[in-house]
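Here's the structure, in structure tokens; my notes come after.
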Amino acid sequence: MKDLNLEKYYMDDAYVIFTSGTTGEPKGVRITHDAAMNTIIDVNERYRIQETDVFLGLAKLSFDLSVYDIFGCFDIGGTLVLPESDKTNNSKYIYDLMLL
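Sequential numbering of the sequence shown, starting at 237, is according to our numbering.
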């Protein structure tokens, strides 16, 4: 297997989030791979997330929190359950997903 030398990519941008801030104008904020992974590792350690845990991914994929839902789960080898997008407002459906 080829050594990818991933350390050189830690400070590269992973994604950009947009905020209106105080000006009301959209402003892009760059999030590096290092910053995203720092958050993921911190949350997983702080809350003792384990590979037996199951994540219910309710955050929309366009929302910053979905980065943790997906990669926080995969970082520890957990299970990610993604609800059908047209059923996220259906409390019975979400309840049933939580019982899986």
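For every residue, glycine included, the Cβ atom is placed at its ideal position computed from N, Cα and C. All of these numbers come straight from a predicted model, not from anything done at the bench.
Residue(s) in a DSSP beta bridge with residue i
i	result
Thr-268	Asp-249
Leu-292	Val-317
Phe-254	Gly-264
For residue i, the three-state DSSP class (helix, strand or coil)
i	result
Arg-263	Before going on, a small fix: residue 263 reads as Lys here, not Arg. DSSP places Lys-263 in strand when its eight states are reduced to three.
Phe-307	helix
Thr-324	coil
Tyr-283	coil
Spell out a yes or no on whether the segment 261-279 and the segment 299-317 are touching, meaning 3 or more CB-CB pairs, one atom from each, closer than 8 Å.
-> yes
Meets three-Cβ-pair contact criterion under 8 Å: the segment 247-254 and the segment 262-275 | yes
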